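Take a look at the structure below.
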Amino acid sequence: MKNVSLDNLEKENRGAALPENWDAPTPEDMESQAHYRALAGRVSALPEACREIPELKFLWEWSDESIARKLGLSEGAVRMRVNRGRALRSEKLKEGGYERGHFK
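Residues in the sequence shown are numbered consecutively from 723, following my numbering.
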């Protein structure tokens with residue numbers, strides 16, 4: 723999984739220097755970044771064996787078809803693993819006292 727992430731970073735040229743005309747992020751951008759960090763935290767909290775497909779799906783925004791092709795799986799298997807990841811995430815949130823939009 724780590725290699726897939728590194729490959730994606732390299733493909734997107736994220737290691738490149740910022741352009742000279744780069745502007746600081748707007749508050750909307752900051753909210754989006756906060757959402758991304760929260761999502762990344764939830765995905766990274768999954769057990770390693772369950773993490774790769776949700777990472778590709780939700781963080782890298784790959785299609786089920788692309789994930790299936792990359793990992794040699796059927797699209798149905800990808801969807802099933804995405805659903806398992808969602809269920810694990812929900813279970814972890816409940817364990818932390820969070821259920822249906824609020825803390826107990």
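Backbone N, C-alpha and C define an ideal beta-carbon position, used for all residues, glycine too. These figures come from a predicted structure and were not determined experimentally.
Thinking C-alpha only, which one of S766, L793 and L795 is nearest L810? If you number the sequence shown from 1, residue 810 lands on position 88. For L810, the closest C-alpha among the options S766, L793 and L795 is that of S766.
Residues near R803 in its chain [Cβ-Cβ closer than 6 angstroms; skip 5 each side]: On the sequence shown, residue 803 is found 81 positions in, with the first residue counted as 1. Same-chain partners within the cutoff: I775.
Less than 9 angstroms between the beta carbons of E797 and D786, yes or no? To locate residue 797, count along the sequence shown from 1; it is residue 75. To locate residue 786, count along the sequence shown from 1; it is residue 64. Going by C-beta atoms, E797 is nearer than 9 angstroms to D786.
Contacting residues, own chain, Cβ-Cβ under 6 angstroms from R764 (five flanking each side not counted): As a working mapping, residue 764 is identified with position 42 in the sequence shown. For R764, the CB contacts under 6 angstroms within the same chain, skipping 5 residues up- and downstream, are R811 in chain order.
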